[in-house]
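Enquirer: Going line by line, the protein sequences match chains A and B.
Under numbering that gives the first Met the number 0, the first residue of the first sequence carries the number 0, and numbering increases by one thereafter.
Under numbering that gives the first Met the number 0, the first residue of the second sequence carries the number 0, and numbering increases by one thereafter.
Number of protein chains: 2
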Amino acid sequence: MPTLQDVARHAGVSTATVSKVLSNTPYFTEETRLKVMQAVEELGYVPNLAARALSRGKTQIIAVVFPYIYDAIFTDPLVLRILEGIEAEATQHGYNLLLSTPRLTADGPDAHYRRLVQSGYIDGVIALDNVPVASVIKPLRKKKVPHVVIGYHESAYSVCSDDYSGGRQLMEYILSLGHTRIGIITVPIDMNYALNERVRGLQAVAAEHGIDMARMPTVYGDFSVVSGIRGAAELLELDQGLTALICLNDRMAMGAIQHIVQSGRRVPQDISVAGYDDIPTAATFSPPLTTVNQHAPEQGQMAAQLLFAILNHKTPTPVLLPVTLIPRSSAAAPRSLE
Amino acid sequence: MPTLQDVARHAGVSTATVSKVLSNTPYFTEETRLKVMQAVEELGYVPNLAARALSRGKTQIIAVVFPYIYDAIFTDPLVLRILEGIEAEATQHGYNLLLSTPRLTADGPDAHYRRLVQSGYIDGVIALDNVPVASVIKPLRKKKVPHVVIGYHESAYSVCSDDYSGGRQLMEYILSLGHTRIGIITVPIDMNYALNERVRGLQAVAAEHGIDMARMPTVYGDFSVVSGIRGAAELLELDQGLTALICLNDRMAMGAIQHIVQSGRRVPQDISVAGYDDIPTAATFSPPLTTVNQHAPEQGQMAAQLLFAILNHKTPTPVLLPVTLIPRSSAAAPRSLE
DNA sequence: TAACAATAGTTAACCGCTTAACTATAAGCA
DNA sequence: TGCTTATAGTTAAGCGGTTAACTATTGTTA
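1. Name the two residues that bound the continuous alpha helix (DSSP H) containing ASN195(B).
2. By the 9 Å beta-carbon criterion, what residues does the stretch 253 to 268 of chain A contribute toward chain B?
3. Let me see if you follow: with CB-CB separation under 8 Å, is ARG8(B) close to chain A or not?
4. Using DSSP bridges, identify the partner residues of PRO108(A).
5. Taking ASN23(A) as the query, report the chain B residues whose CB atoms sit under 7 Å from its CB, ordered along the chain.
6. Using 8 Å for Cβ pairs, my map puts ARG114(B) next to VAL45(A). What's the rounded Cβ distance?
7. I'd like the span of the alpha helix (DSSP H) that includes GLY165(B), first residue to last.
8. DSSP has ASP276(A) in a bridge; who is on the other side?
9. Determine, using beta carbons only, whether GLU83(B) comes closer than 8 Å to chain A.
10. Can you tell me the Cβ-Cβ gap for MET212(A) and LEU201(A), rounded? I've got them flagged as a contact below 8 Å.
11. According to DSSP, which residues form a beta bridge with LEU53(B)?
12. Give the secondary structure of LEU97(A) by DSSP, where H, G and I count as helix, E and B as strand, and everything else as coil.
13. Taking Cβ positions only, does ARG346(A) come closer than 8 Å to chain B?
14. Who are TYR26(B)'s beta bridge partners in DSSP?
15. Which residues, taken in chain order from the stretch 277 to 309 of chain B, show a beta carbon closer than 7 Å to some beta carbon of chain A?
16. Determine, using beta carbons only, whether GLU171(A) comes closer than 8 Å to chain B.
17. Contact criterion: CB-CB distance below 8 Å. Does VAL64(A) meet it with respect to chain B?
18. Along the chain, where does the beta strand (DSSP E) containing ILE60(A) start, and where does it finish?
19. Within a Cβ cutoff of 8 Å, which residues of the same chain sit near PRO296(A), ignoring the five residues on either side of it in sequence?
20. Specify whether the stretch 274 to 290 of chain B and the stretch 247 to 266 of chain A touch according to this definition: at least 3 beta carbon pairs, one from each stretch, less than 8 Å apart.
21. Just to confirm the assignment, what range does the alpha helix (DSSP H) spanning VAL135(A) have?
22. Is VAL218(B) helix, strand or coil when you go by DSSP?
23. Can you tell me whether VAL266(B) is helix, strand or coil according to DSSP?
24. Report buried or exposed for ILE60(B), applying the criterion of at least 16 other Cβ atoms within 10 angstroms of its Cβ.
25. Which one of PRO187(A), ASP161(A), ILE210(A) and THR185(A) has the shortest CA to CA distance from ASN292(A)?
26. Give every residue of the same chain whose Cβ lies closer than 6 Å to the Cβ of ALA52(A), excluding the five residues on either side of it in the sequence, and list them in chain order.
27. Report yes or no: is there a C-beta of chain B within less than 8 Å of the C-beta of VAL0(A)?
28. With 16 other CB atoms within 10 Å as the buried threshold, where does ALA105(A) fall?
29. Let's see if you can read the secondary structure: which residues bound the beta strand (DSSP E) around ALA281(B)?
30. Once the 5 residues before and after PHE65(B) are set aside, which same chain residues still bring their CB inside 7 Å of it?
31. Can you list, in chain order, the residues of its chain whose CB lies under 8 Å from that of THR2(B), leaving out five sequence neighbours each side?
32. Would you say VAL135(A) lies against chain B (beta-carbon separation less than 8 Å)?
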């Protein structure tokens, strides 16, 4: 591996000059530039990033932190789409992505993560942090590592999807179809801030329509398809007459549909089902799922943009990304209205 | 940020001693160990990884390379599961993961990737490379970067799933159910080595049963759900009497089922459908998908193990991982046999 | 023409850690 | 006791870049 030294010798100049040429720092002639570039070319020189990192105090690496809970990172298609957005932006800025999936324990993220954060190996962090417990943010704040959070998190630059509005739109739509007997599948309260917001949205609209959502049969899942199956079963046991199920993510909605179909009912003819997230398979599910698209790649992209702004010593403003209701055929007017 | 120097001063010893204690290199007393550790504790010292990398010539980073084609990385659930396996193994060994998704052009992977490879910033690479064009491996081999390939690739340490056997098992199973009029949805030949193997497996078993697979209606998709929908439509146009569809990945199988159901037929009563991959949603699809599980996390894990073996100057043996046929309800005996 | 500024390039210190080479002390052994 | 050997710790030279401080040259201006 040729070094700067080698290039300098080969080109007959000093290392400082080579460095200047390569980093385009003023004060060299076109002639030396050519000499240097030729030497670089001939030797196949590529700067050693570790040396550069040590010297500059910057690594050109940003860490993408997905806390390891419910092994969500590797199961949740949405997370992947966010990553896609981050990747696109980072690549464009010439940054590399380090993937970190800290394990969360009662007293915070694991040691490996805490060391990474302080190791000077990363210029910044984009964290997915919607979970109240054991925040991965705290160590970052403490060590003043530039970071952006995707999720609801006070006192940090953040990118949020407008989950409140999403919840509102969902309830608005289901009510507008004419449903009155609605079941809810959500997750335990305060398990996830985003879900809290969605629930707030649902409640607000229900209230505006003079309905107390506390009266609606509600069961709790854990985001997974199976928990959706179970949830639907529980709901239909609670109330046989439900005409619509609002599930606060798509996978639970898919599970719910499954249970409904298997129990001999049809979607949406007998029961309407709506999800949330618009994961890639939602459009091609059977029936295609009515859901809320939260523009995951854009979330990732915005987060990366915020981070790069911070790294350039600008002060970005937090972002609240709009969501879009996607009406598909899994939800329709109840039969009583037909 | 305190440095080794600071710790040394604080503990009243030399930097060499501190370094030795921390890296557990022989020749220090328990007493000095305690002194050093206390100083580390009190100062909250964490080693600077860039400096360590420069000095040691090792970064403790391995790159996971998923070439950016058909944006598969961010859509294919299987890729994610492989990543999961890699992550688990890497975390355990104290390595960090760098995610690289090089764009492929006619003359190889993009420049950013080629520089990364030579930058000395990564100790090794795990690459997903089943695609004949523009190999990401070549630069690695040229620069002697330790690497492991997941996929069929000559002249490199590799982890392969036994796609040939998978193809065999699939055809064996469908034939054993009694199907004789079988349609195939695959991808264009030589687009992906793994798929080639699966097709070889199908053909071999067909031949053993005295059937020429070339006679079976065959159409080509691109892995996506929509291409499965289209593929099924084409197949059923070619031959109304098909009783089984073999799709060489799950997403196309899901698309096929969708088309079949939408066109008023039932799965498996009218037409059986089988997929390949056993992606997370296959089990909870409606109907649950008969498919082949290729143990994706294990692939990732094995690849990581091979890489760590190489990094420890051992010579690992390439791995061919077995696959498992998962019979579920999307495939059954044809009605003619009932 | 002298004084000064701008330009082109060099030297060497520095980033923070590792480690070979070295010194000092204690232990082992004939 | 004297000599070797193992142990404990230190010094200082890298690793490969960046950059402040410096020198040398050319151009500008009064």
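Beta carbons: idealized from backbone N, C-alpha and C, even for Gly.
Quantities reported herein were computed from a predicted structural model and do not represent experimental measurements.
Expert: Working from what's here:
1. 192 to 207
2. MET253, GLY254, ILE256, GLN257, VAL260 and GLN261
3. no
4. LEU103(A)
5. By Cβ distance, chain B contributes nothing, its closest Cβ being about 16 Å from ASN23(A), past 7 Å.
6. 5 Å
7. 162 to 175
8. ASN292(A)
9. yes
10. 6 Å
11. The partner list for LEU53(B) (beta bridge, DSSP) is empty, contrary to what the question assumes.
12. strand
13. In the structure as shown, chain A begins at 0 and stops at 337. Residue 346(A) is therefore absent and cannot be evaluated.
14. TYR26(B) pairs with nothing; no bridge assigned.
15. PRO279, THR280, THR283 and SER285
16. no
17. no
18. 60 to 64
19. ARG80, ILE81, GLU83, GLY84 and ALA87
20. yes
21. No alpha helix (DSSP H) holds VAL135(A); DSSP gives it neither H nor E.
22. strand
23. coil
24. buried
25. ASP161(A)
26. THR58
27. The identity of residue 0(A) in the sequence shown is Met, whereas the question assumes Val. By this cut-off, MET0(A) is an interface position.
28. exposed
29. Element bounds for ALA281(B): n/a, residue is neither H nor E.
30. ILE72, VAL78, THR100 and LEU127
31. TYR44 and ASN47
32. no
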